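J.:
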Amino acid sequence: RSVVFGAGDTSQLAIRFMPVSTDIQNGDVLVTSGIDGIYPQGIPVARVTKIERDAGYPFARITCLPLGGADRHRHLLVLSVLPKLPARPDE
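All the letters of the sequence shown, read from the start, carry residue numbers 69 to 159 under the working numbering.
Here's what the structure looks like:
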């Protein structure tokens with residue numbers, strides 16, 4: 069798990085502080101985890117486009133292509149399905 073950061077323009081994102089030994093590959097799709105309780109799990113966020121690993125540094129440099137089209141939209145609506153709750157017992 070990691071956090072994706074803006075890289076200064078809307079065409080790139082970056083993953084910071086990911087160890088060089090991490091199991092990530094070009095073409096991997098990054099999705100939301102749902103941990104924050106705001107966004108549901110599994111929404112595609114970005115695709116990994118470049119990974120630079122240097123044994124002299126503890127972290128890889130990972131560049132991603134955003135999948136959400138943030139540069140083309142002003143608003144985003146996330147619809148979350150609420151879990152079915154058991155029926156209330158009769159009082």
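The beta-carbon is built from N, C-alpha and C at its ideal position, and this holds for glycine as well. Fair warning: this is a prediction, and the values are worked out from it, not measured in the lab.
Looking at the secondary structure, which residues open and close the beta strand (DSSP E) in which Ala155 lies?
T.: Premise fails: Ala155 is in no beta strand (DSSP E) and is neither H nor E.
J.: For my contact list, Tyr125 and Val71 are in at a C-beta cut-off of 8 Å; report their separation, rounded to the angstrom.
T.: That pair is no contact at about 19 Å.
J.: Can you tell me whether DSSP reads Thr100 as helix, strand or coil?
T.: Thr100 falls in the coil class under three-state DSSP.
J.: Using the DSSP secondary-structure output, state which residues sit across from Leu81 in a beta bridge.
T.: According to DSSP, which records beta bridges pairwise, Leu81 is partnered with Gly74, Cys132.
J.: Tell me the rounded alpha-carbon separation between Val97 and Ile119.
T.: Answer to the nearest angstrom: the Cα atoms are 13 Å apart.
J.: Could you check the C-alpha separation between Arg142 and Asp77 for me, to the nearest Å?
T.: Roughly 16 Å between the two C-alpha positions.
J.: Verify whether the separation of the beta carbon atoms of Arg156 and Leu135 is less than 8 Å.
T.: No, Cβ-Cβ distance for Arg156 and Leu135 is not below 8 Å.
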